[in-house]
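Residue numbers (our numbering), protein chains in the order written: chain A, 354 to 987; chain B, 354 to 987.
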């Protein structure tokens, strides 16, 4: 048994998350690292309870076999959430603290914005949490701050470049970009050569460029209307959703409408999540497309000379952060891209490091955002495609509450009391709702993994209801279906789930199969995914058609597809519960994150900047200045 | 001799800063900490070369005597800078590595924005630098990112509150602010009691408030025109200087003109620099005034319920970051407020910790931004007033180049070649320019400290020129005047300066005297400072008069004054070199940072958001992805 395992004393009823988190003294993170056979040169400490594990660990352990790879998804949730993060943590506490397995939990870093808004933190819940929860939810080791800095440096560079190009001749621009040195000689630097190559100019001496080549090189000729790059901030600031910039007198009337997204919506976050090495990150950041030239050609960060600087800003962010669960098992926290306009999964490098650290017979459990129709689908078709990693088991988290909703129960609204139907036995409602679970099971099984259903038990659930879900899960082809109570009991409440996951991993009979190949058209790929939703057809808006044509022409049709769809239904309509079918899926627009490496069709409108309520969480948050402890964080 | 001292091999001519920085392998920061008698529980590591020293060290060493306290200012500089940071570092390398003294250098954290713009880094230069210079210039330990987050959370809260107040009745607002709990009971939380107290309401049960009291409590009634709080970003983004926000459809037409400053211009940065403890920081952050009610009363962060959350975001930022010089002496990097709209000095807590760590006979050398007319003046009258610390010696850095400019030499422009006059001997020009040095000496002496002039020698300076400066310095009352060459030789080049500073510290004969007492009027304080500039009178704009009246009425006239004036002249006119006198100083506007604790009159227009040039530094910055090393940073 691992030396870092900590026995929990559980109380009933379950105390508040923060009280549970504060009741446990975390181990020094070097002890957690040591149990993973990490030496001090493998990681950088960030205080006593966090450490960044260096990417070089992957190279060092290259010859070692990987552990089992488990992804946790969920059924279509209610607005209250069905405990996917909590189950991910609880399962790992069971594997590590009760089943004597090497295990690493891989989680996303939450955005700091919602911590002060409505939602509160995201470190799990009850007796299945990552600690210290305030450090998990705030700043962590600065990765999101680095993304904000890099994203906004690029944004500033775009507008400033348009400004400078508008006031300078080709020759003046060129002279500034390639100034003479002390000896009067001009030269191109490294990043300029990548632009020259793209333009088909093979000359190496700036003096030899023709006036036409000078113009092509020095003038990006950005079409302001085409700019897709927005600024970001890790704060819920709704007043920045749409703004006009450049109204200062020095900017000479060069105003432009744009806006801010929350930082985790930055393409740089998606790059961080999908990258596989420092050199791969350098390349992806350099090839991010922020808009087109007036001639319609895509313009990249490297065209602007900024890909290297962005990489420098992100060089520490690429190392995942090691933390611990309440029961002393290790956690890697890394990246947290949006689950709609991006792929909603934690990072590839964290999973890779974790798989080497646990080694053969160990377990890496990673969470996929939203319902399995989105989270698990993107995990398979985008993340595993780029990582080359193969999962053996997919967990699908279900609750009686959500299944009743899918069976026709009344609407569930956050902040309002639950309807009577959700807290008293109603087996028929549960049975009817299992149609949602069944489709998630069959969709997920199609990837070639074994599916284990985790029924996250609430105190109001009846035996008959729970048993109905188990029956439905087996009928739909689940490898196993297990009732668990990790919220109330920690790892002990997920021991059966841990055993089931272990068996599922050890008994894989099929290879990994993607839902679609990359070499078909963008539309064919969208169709393959839509079919998995139950759609019978697709309707493209004019704008979507235009964008698909443009991206195809620009040579980006080989990329995987990342659907931006509501998580509250298989369909585009959040009110369609259960397993809708025969509907026409509307594609409103199509965008792309070329550096991250995917095309994202928009099914409906996605908010990328949350707001604050009248009484935000921050009213309750304070520092006890005597102890230095955070209070009121939920 | 300290065990961490590292012998430098100096090359001639002096290589590029980054090459010198990269030629030295830094010690693990725990070794530097150990030499200061810090145990691992006194600090948190942030990687191998940075550590945050915990504030608790001050309490633990409370009984211990302080070391000598030395402030480094400069004469009125050229736009190229006269090497104040470099001299600060070089002096410490001399004291620590050659004179066997306990020494700590206290420096400001530079803004990350200019690192990618024109300026490059700020870690010193030549053989007097802080290393690793990339970590010094980028992210550091996240303090500026924390400031950005806190500043912008407050900004978002202000606009959102106006929005919610505009759409809700008093009763609805109140019900949302004090919602009933599960038992149907309402209660005020801690932060609400501070607002109730301010409003003179002593009731503790929300149900007992009269409708009039409900209105007063729940409705801040912010006057949008009065909002002084701007958003910030640590990026040179000129297009954010003036913007219109709230143009999204959900914000229902509640548009407003505002803008972004660079993060170091945030009042929260000034708070960080001037705070003395966690509880003091909590108090300052809570009493920051962001605007007025429509009735003209100041509204604070605590009125908005957010002071605690801001403190939580800043809780780690209050701990200074320990780094090292090229010669292995310790450096504390902490806070970097603007030197015009704020006071331009590093933090009080870093200086306090440092003074205890070096103990009696040790030295703490801290830098004051801009010329001594601004930097040293604010160091004395604002920083020392709040800290209660007493400096013994003030260093004034001078260069032959700047003195020639003051003597009537041609204009010095960054990026353009220096005029012939600056690189050939011209003793008369130097002698004429010493009038500037002389006024800085007499102004600084008036505080009761001994003044040592550090003549930062360039290779083009002649013996006669250098000697003219020494003579002028003594004539003006300097304790000593020393020629130094730390840029070319590291600490060895500043040994004489170190000896002079030591003697100056050991021979103080006078107590510290402030330039003005706090209990006179705002105008009288402004006059006292203007007189030290050589002004014969002051002209207040109508706006300035209005603001002074308002701040006086609001009860803020007891605060010290922080002049926002150009550093390029004693006067308001940057072209007036030497020691102008008899001019009328115009006060265009008067603003206040109530939480930080000063009133700042604006003498002219101050840019609080820099821009990027056509070819920013970022073109040269990249990551060597094989070694993980930053290249091209200057």
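Using N, Cα and C, we set each Cβ at its ideal position, and we do this for glycine too. Predicted model only: the values in this text are computed from it and were never measured.
Assigned secondary structure, residue i (DSSP; H/G/I helix, E/B strand, else coil)
{"i": "residue 698 of chain A", "result": "strand"}
{"i": "residue 677 of chain B", "result": "strand"}
{"i": "residue 405 of chain A", "result": "strand"}
{"i": "residue 892 of chain B", "result": "strand"}
{"i": "residue 449 of chain B", "result": "helix"}
{"i": "residue 711 of chain A", "result": "helix"}
{"i": "residue 854 of chain A", "result": "helix"}
{"i": "residue 982 of chain A", "result": "strand"}
{"i": "residue 508 of chain A", "result": "helix"}
{"i": "residue 787 of chain A", "result": "helix"}
{"i": "residue 459 of chain B", "result": "strand"}
{"i": "residue 915 of chain B", "result": "coil"}
{"i": "residue 837 of chain B", "result": "strand"}
{"i": "residue 597 of chain A", "result": "strand"}
{"i": "residue 624 of chain B", "result": "helix"}
{"i": "residue 338 of chain B", "result": "Not covered by the structure: residue 338 of chain B. The range shown for chain B is 354 to 987."}
Bridge partners - residue i, DSSP secondary structure assignment
{"i": "residue 720 of chain B", "result": "B:425"}
{"i": "residue 953 of chain A", "result": "A:944"}
{"i": "residue 484 of chain A", "result": "A:677"}
{"i": "residue 397 of chain A", "result": "A:405"}
{"i": "residue 936 of chain A", "result": "A:888"}
{"i": "residue 646 of chain A", "result": "A:575"}
{"i": "residue 615 of chain A", "result": "A:586"}
{"i": "residue 746 of chain A", "result": "A:423 and A:803"}
{"i": "residue 609 of chain A", "result": "A:598"}
{"i": "residue 343 of chain B", "result": "Lying before the first or after the last residue shown, residue 343 of chain B is absent from chain B, which here runs from 354 to 987."}
Closest Cα partner of residue i within the set the options
{"i": "residue 706 of chain A", "options": "A:384, A:412 and A:980", "result": "A:412"}
{"i": "residue 767 of chain A", "options": "A:434, A:887, A:395 and A:695", "result": "A:434"}
{"i": "residue 624 of chain A", "options": "A:650, A:638, A:614 and A:410", "result": "A:638"}
{"i": "residue 991 of chain A", "options": "A:914, A:734, A:493 and A:576", "result": "Lying before the first or after the last residue shown, residue 991 of chain A is absent from chain A, which here runs from 354 to 987."}
{"i": "residue 428 of chain B", "options": "B:384, B:826 and B:486", "result": "B:826"}
{"i": "residue 741 of chain A", "options": "A:866, A:786, A:818 and A:821", "result": "A:866"}
{"i": "residue 613 of chain A", "options": "A:577, A:712, A:505 and A:924", "result": "A:505"}
{"i": "residue 622 of chain B", "options": "B:500, B:392, B:938 and B:759", "result": "B:500"}
{"i": "residue 608 of chain A", "options": "B:593, B:605, B:630 and B:602", "result": "B:593"}
{"i": "residue 438 of chain A", "options": "A:368, A:431, A:450 and A:458", "result": "A:458"}
{"i": "residue 571 of chain A", "options": "A:544, A:579 and A:441", "result": "A:544"}
{"i": "residue 335 of chain B", "options": "B:926, B:917, B:928 and B:927", "result": "One cannot answer for residue 335 of chain B here, as it falls past the ends of chain B, which runs 354 to 987."}
{"i": "residue 735 of chain B", "options": "B:806, B:580, B:946 and B:678", "result": "B:946"}
If contact is defined by three or more beta carbon pairs under 8 Å, each pair taking one atom from either stretch, is the stretch 685 to 696 of chain A in contact with the stretch 417 to 430 of chain A?
No: the two stretches stay apart, fewer than three of their Cβ pairs being nearer than 8 Å.
Which residues of the stretch 662 to 673 of chain A have a Cβ closer than 8 Å to any Cβ of chain B? Give them in chain order.
Residues 662, 664, 665, 666, 668 and 669.
Three or more C-beta pairs below 8 Å linking the stretch 711 to 731 of chain A and the stretch 974 to 982 of chain A:
Of all C-beta pairs linking the stretch 711 to 731 of chain A to the stretch 974 to 982 of chain A, fewer than three are shorter than 8 Å, placing the two stretches out of contact.
Counting Cβ pairs, one atom from each stretch, are 3 or more of them under 8 Å apart for the stretch 441 to 460 of chain A and the stretch 836 to 844 of chain A?
Cβ pair count under 8 Å is three or more, so yes.
Between the stretch 649 to 661 of chain A and chain B, which residues of the former have a C-beta closer than 7 Å to a C-beta of the latter?
Answer set for the stretch 649 to 661 of chain A: 658, 659 and 661.
Interface positions of the stretch 385 to 406 of chain B facing chain A (Cβ-Cβ less than 7 Å), listed along the chain
Flagged, chain order: 397, 398, 399, 400 and 401.
So, do the stretch 951 to 959 of chain A and the stretch 640 to 649 of chain B have three or more beta carbon pairs nearer to each other than 8 Å?
The stretch 951 to 959 of chain A vs the stretch 640 to 649 of chain B: no contact.
Output needed in chain order: residues of the stretch 530 to 563 of chain B with a Cβ under 9 Å from some Cβ in chain A.
Cβ contacts with chain A: 530, 531, 532, 542, 543, 544 and 545.
Residues in the stretch 575 to 589 of chain A with C-beta within 7 Å of chain B's C-beta atoms, listed in sequence order?
For the stretch 575 to 589 of chain A, the set of positions with a beta-carbon nearer than 7 Å to some beta-carbon of chain B reads 586, 587, 588 and 589 in chain order.
Chain-ordered residues of the stretch 591 to 607 of chain B with a beta carbon less than 9 Å from chain A
Across the stretch 591 to 607 of chain B, CB contacts with chain A closer than 9 Å involve 591, 592, 593, 594, 595, 596, 597, 598, 599, 600, 601, 602, 603, 604 and 607, in sequence order along the chain.
What are the residues of the stretch 625 to 652 of chain B that lie near chain A, defined by any Cβ-Cβ distance shorter than 7 Å?
Under the 7 Å Cβ criterion, the stretch 625 to 652 of chain B contributes 631, 632 and 635.
Is it the case that the stretch 966 to 974 of chain A contacts the stretch 920 to 935 of chain A, given that we only count it when at least three CB pairs across the two stretches are under 8 Å?
Counting Cβ pairs under 8 Å, fewer than three are found: no touch.
At a Cβ cut of 7 Å, what residues of the stretch 866 to 880 of chain B count as close to chain A, listed as they run along the chain?
Within the stretch 866 to 880 of chain B, no residue has a Cβ lying closer than 7 Å to any Cβ of chain A.
When you check each C-beta in the stretch 457 to 476 of chain B against every C-beta of chain A, which residues fall closer than 8 Å?
Of all residues in the stretch 457 to 476 of chain B, 465 and 469 have a Cβ within less than 8 Å of some Cβ in chain A.
Taking a Cβ distance cut-off of 8 Å, strictly less, list which residues of the stretch 687 to 699 of chain A are near chain B, in chain order.
For the stretch 687 to 699 of chain A, the set of residues with a beta-carbon nearer than 8 Å to any beta-carbon of chain B is empty.
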